[in-house]
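Visitor: Structure in structure tokens, see below.
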Amino acid sequence: LGEFNRNGIGISADIQKAFELYQKAANLGNADGIYNLGMCYEDGIGTRINKQKAFELYQKSINLGNVNGINNLGHCYEKGIGTRIDKQKAFELYQEAANLGNSTAQYNLANLYEEGDGIKKFINKAIYWYEKSAEQGDKDAQIKLATLKNNFL
Numbered sequence: 001l002g003e004f005n006r007n008g009i010g011i012s013a014d015i016q017k018a019f020e021l022y023q024k025a026a027n028l029g030n031a032d033g034i035y036n037l038g039m040c041y042e043d044g045i046g047t048r049i050n051k052q053k054a055f056e057l058y059q060k061s062i063n064l065g066n067v068n069g070i071n072n073l074g075h076c077y078e079k080g081i082g083t084r085i086d087k088q089k090a091f092e093l094y095q096e097a098a099n100l101g102n103s104t105a106q107y108n109l110a111n112l113y114e115e116g117d118g119i120k121k122f123i124n125k126a127i128y129w130y131e132k133s134a135e136q137g138d139k140d141a142q143i144k145l146a147t148l149k150n151n152f153l
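Start counting the sequence shown at 1; every next residue gets the next number (full-length UniProt numbering).
The structure is reproduced here in structure tokens:
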């Protein structure tokens with residue numbers, strides 16, 4: 001229900017209602033609710049931005065098995081959102097979520113390999129992970145993949 005309210009699916013969008021529904025789900029220990037509540041705090045959806053709270057909620061969602069939370073926690077470490085920047089930790093989390101099939105993590109991991117940001121630059125691995133993400137329909141990965149293949153293959 002939170003997603004329907006947040007995105008206006010079948011109803012008028014109501015981000016405050018979405019936030020409240022995510023809170024209820026989180027209070028019941030629902031991993032997706034906790035993850036979505038973290039997104040609300042990170043982006044200021046229905047509440048004030050609180051990067052530290054977002055970071056903590058992503059950690060909690062991971063403990064309950066939420067793969068999206070693994071990716072988002074990696075993003076927090078990569079960008080210093082609610083924590084200090086730790087590129088190695090970001091890489092490890094992206095790798096974990098990518099191996100579990102998360103297309104966004106696959107894209108993020110590919111980007112680290114392409115840029116050599118915190119890890120050794122490795123174009124073949126970047127292409128591999130962009131392919132994995134692109135196969136799942138990630139448009140940004142499809143564009144990056146085409147560009148890399150044109151430039152390096």
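Cβ atoms here follow ideal geometry from the backbone N, Cα and C, with glycine treated the same way.
Is DSSP giving I127 helix, strand or coil here?
Guide: Locating residue 127 in the sequence shown gives position 127, counting from the first residue. Of the three classes helix, strand and coil, the one that applies to I127 here is helix, per DSSP.
Visitor: Quick one: using the 10 Å Cβ neighbour count with 16 as the cut-off for buried, is Q95 buried or exposed?
Guide: As a first step, residue 95 is located in the sequence shown; it is residue number 95 there, counting from the start. Burial call: buried.
Visitor: Counting only the same chain and skipping the five closest in sequence on each side, list residues whose C-beta sits under 6 Å from that of N108.
Guide: Against the sequence shown, residue 108 aligns to sequence position 108. Counting only Cβ-Cβ distances below 6 Å, and skipping sequence neighbours, we find Y94.
Visitor: Beta-carbon separation of Y58 and L37 under 7 Å?
Guide: Your numbering for residue 58 matches position 58 in the sequence shown. Your numbering for residue 37 matches position 37 in the sequence shown. No.
Visitor: Counting pairs of Cβ atoms below 8 Å between the stretch 98-115 and the stretch 71-88, do you hit three or more?
Guide: The stretch 98-115 is in contact with the stretch 71-88.
Visitor: On the criterion of 16 or more Cβ atoms from any shown chain inside 10 Å, does G33 qualify as buried, or is it exposed?
Guide: As a position in the sequence shown, residue 33 is number 33, starting the count at 1. So G33 ends up on the buried side.
Visitor: Taking DSSP as the reference, what is the three-state secondary structure of I45?
Guide: Walking along the sequence shown from the start, residue 45 turns up at place 45. It is coil, neither helix nor strand.
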